[in-house]
Amino acid sequence: MSNKFTITHEDTYAGKRLDVAVSLETEGLSRSRAQALIKSGEISLNGCSAKPNTILTVGDIISVDLGEPEPLDILPEDIPITIVYEDGDLAVINKPKGMVVHPAPGHTGGTLVNGLLYSFLGELSGINGVMRPGIVHRIDKDTSGLLIIAKNDTAHQSLSLQLAERTVTREYIAIAVGHMKADSGTIDKPIGRHPIHRKKMAIVPDGRSAVTYYDVLERFDKPFKCSLLRLRLETGRTHQIRVHMASLGYHIFGDEVYGLAKTPHGFSTNGQVLHAQTLSFLHPRTGEPLEFSSEIPEYFQNILDKLTPH
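The numbering of the sequence shown is our numbering, which starts it at 1 and goes up by one.
Below, the structure written as structure tokens:
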């Protein structure tokens, strides 16, 4: 799988430094690493060498060549997968809490991809390479809920375009700690890699645009104050809901990365209480509107049953 790709810049990166843009656009690549790659010539601007502090303008093209990744021996595994919908072009699956979506070096088994390779017998798109066959978008390990799986490259391209154009509706349900003051609102804050903790994301001035809409469905008083929320993504940045809610002072219950290090009040959540509940999009072949919903999972409902309404 080649890791060489081209980024055509729009207003998002105009006026930003080359090294900043590359680190924001390339998952897992720090700014210092981006600077080193630019200096070594593995990153070029408009076909030429450039300096890390070069300021970008609209229409600039960046070429990044990270070299060939280590090949991974990803094997099909008989892992139970809940298929909500399936046809010749796509499937919608309901990912359980605790399952990693795709393999990575050092973690090549027990993932959703291992299960997909077994269930769909090679009928998966190849656009995202051997590590992410069929994966159009993803959710965190400890987030449960709906995902679209592409079964061929044509479907994958169409679905990716719909995501890029923000025409796919993705709604989540979550429990946030505290009584949110407003019944509804919009969180519009840019998200980028945390400047110190590289495995975390943060609200940063030069981050990528990120917009989340929320509605408070219910508030609870005991055993702690919290709010049941419906959240809709306009964008799909890494950890977006978790980072946005923490930035308001209402972290997602059970989130030990952006909230409390230990879940209080005797609850065992095994990570954030966040569920991808609704998906709607156009069928990539027919253009037919499709909408799917998932019931609140058992782990989530068990927590709700222990809460006393406001």
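The C-beta atom is built at its ideal place from N, Cα and C for all residues, glycine as well.
Fair warning: this is a prediction, and the values are worked out from it, not measured in the lab.
Which runs of the alpha helix (DSSP H) at least 4 residues long sit entirely within the stretch 72 to 148? Give them in chain order. 112 to 119
What whole-angstrom Cβ distance do Lys95 and Glu123 have, given they're in contact under 8 Å? The pair is not a contact, with the Cβ atoms about 19 Å apart (cut-off 8 Å).
If you draw a straight line from the C-alpha of Ile303 to the C-alpha of Gly178, how long is it? 15 Å
Just checking, does the stretch 118 to 135 make contact with the stretch 71 to 90 on the three C-beta pairs under 8 Å criterion? yes
Does DSSP put Lys39 in a helix, in a strand, or in coil? helix
Quick check: what's the CA-CA separation for Val216 versus Ala176? 10 Å
Give every residue of the same chain whose Cβ lies closer than 7 Å to the Cβ of Tyr299, excluding the five residues on either side of it in the sequence, and list them in chain order. Lys97
Beta carbon of Ile38 nearer than 9 Å to that of Leu18: yes
From Gln277 to Leu228, what distance separates their C-alpha atoms? 13 Å
Answer with buried or exposed for Ala164, where buried requires no fewer than 16 other C-beta atoms within 10 angstroms of its C-beta. exposed
Hey, quick one: how far does the alpha helix (DSSP H) through Arg193 stretch, first residue to last? Unbroken run through Arg193 is the beta strand (DSSP E), Ile191 to Arg193; no alpha helix (DSSP H).
At which residues does the alpha helix (DSSP H) containing Phe300 begin and terminate? Glu298 to Leu304
Looking only at DSSP bridge pairs, what is Pro219 linked to? The sequence given here has Arg at residue 219, not Pro. Bridge partners of Arg219: Ser227.
Checking 9 Å against the spacing of the C-beta atoms, do Val64 and Glu42 come in under that value? yes
Spatial neighbours of Thr269 within its chain, please: CB distance less than 8 Å, with the 5 preceding and 5 following residues excluded, ordered by chain position. Phe253, Gly254, Thr263, Tyr299 and Ile303
Could you say if the stretch 185 to 193 and the stretch 279 to 289 meet the contact criterion of at least three C-beta pairs nearer than 8 Å? no
Using only alpha-carbon positions, find the residue among Glu218, Gly249, Thr169 and Ile173 that is nearest to Glu291. Thr169
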